[in-house]
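Sequence order for the protein chains is A and B.
Residue numbering for the first sequence follows the numbering used here, starting at 12 and increasing by one per position.
Residue numbering for the second sequence follows the numbering used here, starting at 12 and increasing by one per position.
Virtual Cβ for every residue (Gly too), placed ideally from N, Cα, C.
Note that the coordinates shown come from a computational prediction; the quantities given were computed from them, not determined experimentally.
The next block holds one structure in the form of structure tokens; read it before the comments.
There are 2 protein chains.
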Amino acid sequence: MNKGLIFVISGPAGSGKGTVVAALRKLIPELGFSVSATTRAPRPGEVDGENYFFVSRDSFEELLRNDEVLEHTNYCGNMYGTLKCEAERVLTEGRDLILEIEVEGALNVKRLMPDDTVTIMLIAPDPEELEKRLRGRGTESEEVIKSRLSRASEELKLAPQYDYVVTNETGKTKECAEKIRGIIAAEHQRYSRMRSVVEEYIAYKK
Amino acid sequence: MNKGLIFVISGPAGSGKGTVVAALRKLIPELGFSVSATTRAPRPGEVDGENYFFVSRDSFEELLRNDEVLEHTNYCGNMYGTLKCEAERVLTEGRDLILEIEVEGALNVKRLMPDDTVTIMLIAPDPEELEKRLRGRGTESEEVIKSRLSRASEELKLAPQYDYVVTNETGKTKECAEKIRGIIAAEHQRYSRMRSVVEEYIAYKK
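Here it is in structure tokens:
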């Protein structure tokens, strides 16, 4: 069985990342899920190892120091992260993993699992369109919009470290998800991942 | 407009290359065609620059020496080849080009146009299946079958120089063509080919 791969999807606010990833999960229902680790206390009914791996803050920080956390975030004072061993488990089952994370986390996943990670930067087709989307929400102040635009420009300075850049045209979520599906299919056919089939031929009836 | 790319497809006898490329052309009708150069004389009704570029053997050899021929072959004493300038013309129109050629030619295209060329090796899912296909034809002697198998194994030694390896399962031509379509879509999204969009963002409202 082919080993799975990690597809990391990043994109500035307004890129439509969440919608595209949801469409992608519909398109490829066999995508895997990894259980995250968190320092927050379990809620009634939550099962350790199923909903989350519940760990103490000390344990989480030790995992971080040991490079056992692929990416993490702090939300309402609690830490949440993807464990390397958990990702490995999903890939070994032959399933691909989608991680929707911001730029720094994305590059950290690539650093920790370079051979198994493919990075994709999702963006609006052009900055004018991004600005239109951010303004279209009608809820943000001029200041917030300007800071989002400048943040998008900062984030895109890291695009050269990404494998792929995919534009998400307005109203074309499905087309965008299809482009990512193409990338997923293609990456499994790279020579480095097909080596064992090639070696069978070379060894045949020698 | 996005520039086109050259997708070179190679595969040992029995890989089903011809059938897969035909299915791919059906799947992506907008693929481009390049007019080949040949040393053979025009037949009645054939138009220079339309059916072929008709050239003398001396001219063809000079084109070869000047690295202006991406790949060529000798058939019934006449030379046939793909001109670099003609491929460039198709790519500039924004069309992708499929070249179905053997291993040495493929690597030559990659050498002459490295940034625009993607190489794909097509193979039967395993050598046992390839042998079955070659025997299934029922027309070849034991000697011929053995020489084809050993040639396939030799050709696959060059697979590490290919970008992709795609298996063509028996009776699944369309699935195989779909995998190649995924590769075509993905390659257009590589960072190096999306650089101009990224640069627009970085320059925006500076």
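Alpha carbon of residue i to alpha carbon of residue j, nearest angstrom
i	j	result
residue 108 of chain B	residue 168 of chain A	32 Å
residue 202 of chain A	residue 187 of chain B	16 Å
residue 53 of chain A	residue 59 of chain A	8 Å
residue 199 of chain B	residue 36 of chain B	18 Å
residue 31 of chain B	residue 115 of chain B	20 Å
residue 193 of chain A	residue 128 of chain B	18 Å
residue 50 of chain B	residue 215 of chain A	40 Å
residue 72 of chain B	residue 80 of chain B	9 Å
residue 106 of chain B	residue 180 of chain A	21 Å
residue 47 of chain B	residue 154 of chain A	58 Å
residue 197 of chain B	residue 190 of chain A	7 Å
residue 156 of chain A	residue 217 of chain B	15 Å
residue 152 of chain B	residue 85 of chain B	25 Å
residue 100 of chain B	residue 89 of chain B	25 Å
residue 207 of chain B	residue 178 of chain A	12 Å
residue 209 of chain B	residue 136 of chain A	10 Å
residue 13 of chain A	residue 40 of chain A	17 Å
residue 161 of chain A	residue 182 of chain A	24 Å
residue 195 of chain B	residue 102 of chain B	14 Å
residue 149 of chain A	residue 94 of chain B	55 Å
residue 38 of chain B	residue 87 of chain B	32 Å
residue 205 of chain A	residue 205 of chain B	27 Å
Anticipated Cβ contact below 8 Å, residue i with residue j, distance rounded
i	j	result
residue 131 of chain B	residue 174 of chain B	7 Å
residue 119 of chain B	residue 166 of chain B	Between residue 166 of chain B and residue 119 of chain B the Cβ distance is about 15 Å, and since that is not below 8 Å, they are no contact.
residue 43 of chain B	residue 104 of chain B	7 Å
residue 211 of chain A	residue 138 of chain B	6 Å
residue 78 of chain B	residue 123 of chain B	6 Å
residue 21 of chain A	residue 140 of chain A	Contact doesn't hold; Cβ gap of about 18 Å is too wide.
residue 213 of chain B	residue 158 of chain A	Not really, about 16 Å apart at Cβ, beyond 8 Å.
Alpha helix (DSSP H) segment containing residue i, residue limits
i	result
residue 202 of chain A	202-214
residue 155 of chain A	153-167
residue 184 of chain A	184-199
residue 120 of chain B	114-123
residue 147 of chain B	138-147
residue 84 of chain A	Here residue 84 of chain A belongs to no alpha helix (DSSP H); instead the beta strand (DSSP E) covers 80-86.
residue 21 of chain B	Element bounds for residue 21 of chain B: not the alpha helix (DSSP H) but the beta strand (DSSP E), 17-21.
residue 73 of chain A	68-76
residue 93 of chain B	Here residue 93 of chain B belongs to no alpha helix (DSSP H); instead the beta strand (DSSP E) covers 89-94.
Cβ shell of residue i (< 7 Å), same chain only, five flanking positions each side left out
i	result
residue 176 of chain A	132, 134, 170
residue 218 of chain A	Because chain A here runs from 12 to 217, residue 218 of chain A falls outside it and cannot be looked at.
Other residues of its chain near residue i: CB distance less than 8 Å, five sequence neighbours each side excluded
i	result
residue 34 of chain A	184, 185, 187, 188
residue 75 of chain A	83, 92
residue 126 of chain A	203
residue 62 of chain A	46, 53
residue 172 of chain A	118, 121, 130
Residue i, enclosing beta strand (DSSP E) - first and last residue
i	result
residue 178 of chain A	175-178
residue 133 of chain B	128-134
residue 42 of chain B	Run containing residue 42 of chain B: none; DSSP gives neither H nor E here.
residue 104 of chain A	From DSSP, residue 104 of chain A is part of no beta strand (DSSP E); its letter is neither H nor E.
residue 111 of chain B	108-111
The ligand SAM heavy atom lying under 7 Å from the CB of residue i
i	result
residue 134 of chain B	Questions concerning the ligand SAM fall outside what the structure shown contains, since it holds no ligand whatsoever.
_Segment contact, 8 Å Cβ cut-off, at least three pairs: the stretch 142-162 of chain B with the stretch 22-36 of chain B_ = yes
*So does the stretch 67-74 of chain B actually touch the stretch 13-23 of chain B, counting three or more Cβ pairs closer than 8 Å?*
no
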